[in-house]
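Visitor: Positions in the sequence shown are counted from 1; adding 13 to them yields the numbering used here. Built from N, CA and C at the ideal position, the CB exists for glycine as well. Because the structure is a prediction, the values reported are computed rather than measured.
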Amino acid sequence: MKAKTKSKSSKSNYTIREKAYQYIQSRIASGNLPSGGAISELLLAKELGSSRTPVREAISQLVSEGLLEQTPNRGTIVVRLTREDIVDLYELREALEVYVVAKVTREQLPAEDLKRLEQLSDGILSLVDELHATGESYLNAEQMQRFIAADRGFHTLLMAFSFNPRIRKIVDETRLLIRIFAMRRVGYDTEKLRDIHAQHAAILAAIVSKDPELAMRRLAEHIQISRQERLDEFDRNRRASTIERSYLDLNL
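Structure (C-alpha cells):
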C-alpha cells in the first residue's frame with residue numbers, strides 16, 4: 014500500500030516538474046525571459062502554484078540542456094550566446110535538417126502533408142497582404158510573433174516527418190537557443206517576408222519534384238542566409254554596446 018502511494022507521489026512530482034519545465038521553456042521562447050535575464054525560482058513557483066522543488070528540478074534540467082546558466086553573482090540566468098555559439102548552433106541545424114529533408118524527399122510525402130507545409134509557408138505571404146492593406150512598412154510585434162510561429166511551424170513539421178524523436182528534440186533545442194538571441198530582431202518588411210516565403214517555396218518544390226539533392230541544397234542555402242543575418246545582427250549589437258560604453262566612459 015505504501016509502495017503504491019509512493020508511486021503516485023513520484024508520478025505527481027514528475028508531472029509538476031514537466032509542467033514547470035515546459036512553462037519556463039515557453040517563457041524563454043516568447044522572450045518574456047530574455048537572454049541574460051535572471052531566473053527567480055520563488056516567482057516561477059508562485060506563477061505555477063507549486064512548491065519550489067519541481068521548479069528547481071526543471072531549472073537544473075534546463076541548465077544541463079544549455080538554455081540556462083548558473084553565474085556566481087546573479088544566480089541562474091537565461092544563457093547569453095557568443096558569436097561562436099551562433100555559428101555552432103547553425104552548423105548543427107544545417108547538418109540535421111539537411112539530412113532530414115533528403116530522407117523526407119526520398120520517402121515521398123503524402124499530398125496532405127505537402128499541403129500542410131504549403132499552408133505554413135503561405136502564412137508568411139499572408140502577412141505581406143496585411144502590410145499592404147494597412148499601409149504599414151514593417152510587421153508589428155503581434156504580426157512578428159505570427160511570422161515566427163509560421164516559420165518555426167514549417168521547419169518543425171518538416172522535422173516531424175523524419176519520425177526520429179531524437180533529431181526533433183535536438184533541432185527544437187537548437188532553434189530555441191537561436192531564438193533567445195533573435196528575439197531582439199526588428200519587424201520584417203515585405204521584401205524580407207517575400208524572400209523567406211520564396212526560400213520555403215523552393216524547398217517545398219524540390220520535395221514535390223522528388224529531388225533530394227536539390228531539396229538539400231535549397232534548405233542549406235536557407236539556413237546559411239539565416240545564419241549570416243544572425244551574425245550580422247550580433248555584430249551590430251556588439252558595436253552598439255561598445256559605442257554606448259565609450260560614451261558613458263567619456264561622460265563619467
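Could you give the distance in angstroms between the alpha-carbon of residue 120 and the alpha-carbon of residue 190?
Guide: So the alpha carbons of these two residues sit roughly 30 Å apart.
Visitor: Whose C-alpha, out of 116, 84 and 242, is nearest the C-alpha of residue 208?
Guide: That would be 242, whose Cα lies nearest to the Cα of residue 208.
Visitor: Would you say residue 229 and residue 68 are within 8 Å of each other, going by their C-beta atoms?
Guide: Not a contact, by the Cβ cut-off of 8 Å.
Visitor: Buried or exposed for residue 171, please, with buried defined as at least 16 other CB atoms from any protein chain shown within 10 angstroms of its CB.
Guide: It counts as buried.
Visitor: If we call anything under 8 Å between Cβ atoms a contact, is residue 33 one with residue 63?
Guide: Yes, the pair counts as a contact, with Cβ atoms nearer than the cut-off.
Visitor: What is the residue span of the alpha helix (DSSP H) that residue 158 lies within?
Guide: Taken as a continuous stretch (DSSP letters only), the alpha helix (DSSP H) holding residue 158 covers 154–173.
Visitor: Between the Cα of residue 130 and the Cα atoms of 217, 82 and 81, which residue gives the shortest distance?
Guide: When only C-alpha atoms are compared, the closest one is 217.
Visitor: Should residue 154 go down as buried or exposed, given a rule of 16 or more other Cβ atoms within 10 Å for buried?
Guide: Exposed, because fewer than 16 other Cβ atoms sit within 10 Å of the Cβ of residue 154.
Visitor: Are three or more beta carbon pairs between the stretch 236–251 and the stretch 129–146 nearer than 8 Å?
Guide: These segments do not touch.
Visitor: Can you name the residues that DSSP bridges to residue 275?
Guide: Only positions 14 to 265 of the chain appear in the structure, and residue 275 is not among them; the question remains open.
Visitor: Does the distance from the CB of residue 99 to the CB of residue 75 come in under 8 Å?
Guide: No, Cβ-Cβ distance for residue 99 and residue 75 is not below 8 Å.
Visitor: Out of 35, 106 and 123, state which residue places its alpha-carbon closest to the alpha-carbon of residue 223.
Guide: Here the closest residue by C-alpha is 123.
Visitor: Is it right to say residue 118 is buried, meaning 16 or more other beta carbons lie within 10 angstroms of its own, or is it exposed?
Guide: Residue 118 should be labelled buried.
Visitor: If you reduce the DSSP assignment to three classes, tell me which class residue 36 lands in.
Guide: The answer is helix: DSSP assigns residue 36 an H, G or I state.
Visitor: According to the neighbour-count rule (16 or more other Cβ atoms, all chains shown, within 10 Å of its Cβ), is residue 28 buried or exposed?
Guide: Under this definition residue 28 is an exposed residue.
Visitor: What residue range is occupied by the uninterrupted alpha helix (DSSP H) comprising residue 102?
Guide: 96–120 is the extent of the alpha helix (DSSP H) around residue 102.
Visitor: Report the partner residues of residue 151 according to the DSSP bridge assignment.
Guide: 202, per the DSSP bridge assignment.
Visitor: Residue 57 to residue 116, Cα distance in whole Å?
Guide: If you take the alpha carbons of residue 57 and residue 116, they lie about 41 Å apart.
Visitor: Can you tell me the Cβ-Cβ gap for residue 167 and residue 133, rounded? I've got them flagged as a contact below 8 Å.
Guide: Rounded, the Cβ-Cβ distance is 4 Å, consistent with contact.
Visitor: Report yes if the CB atom of residue 236 is closer than 8 Å to the CB atom of residue 96, and no otherwise.
Guide: No, Cβ-Cβ distance for residue 236 and residue 96 is not below 8 Å.
Visitor: If you drop the 5 nearest sequence neighbours on each side, which residues of the same chain put their C-beta closer than 7 Å to that of residue 210?
Guide: Within the same chain, residue 210 has close Cβ partners 134, 137 and 138.
Visitor: Just the Cα atoms here: how many angstroms apart are residue 46 and residue 156?
Guide: One C-alpha to the other measures close to 20 Å.
Visitor: Name the DSSP beta bridge partners of residue 215, please?
Guide: Looking at the DSSP assignment, residue 215 forms no beta bridge with any residue, so it has no partner.
Visitor: Among 31, 43, 125 and 114, which one has its Cα closest to the Cα of residue 162?
Guide: The shortest Cα separation from residue 162 among 31, 43, 125 and 114 belongs to 43.
Visitor: Would you mind sorting residue 83 into buried or exposed? The rule is 16 or more other CB atoms within 10 Å of its CB.
Guide: Exposed, since its Cβ has fewer than 16 Cβ neighbours within 10 Å.
Visitor: Got a sec, what are the start and stop residues for the alpha helix (DSSP H) residue 123 sits in?
Guide: Counting along the chain, residue 123 falls outside any alpha helix (DSSP H), and DSSP gives it neither H nor E.
Visitor: Between the alpha carbons of residue 144 and residue 150, how many angstroms are there, rounded?
Guide: Computed Cα separation, rounded: 6 Å.
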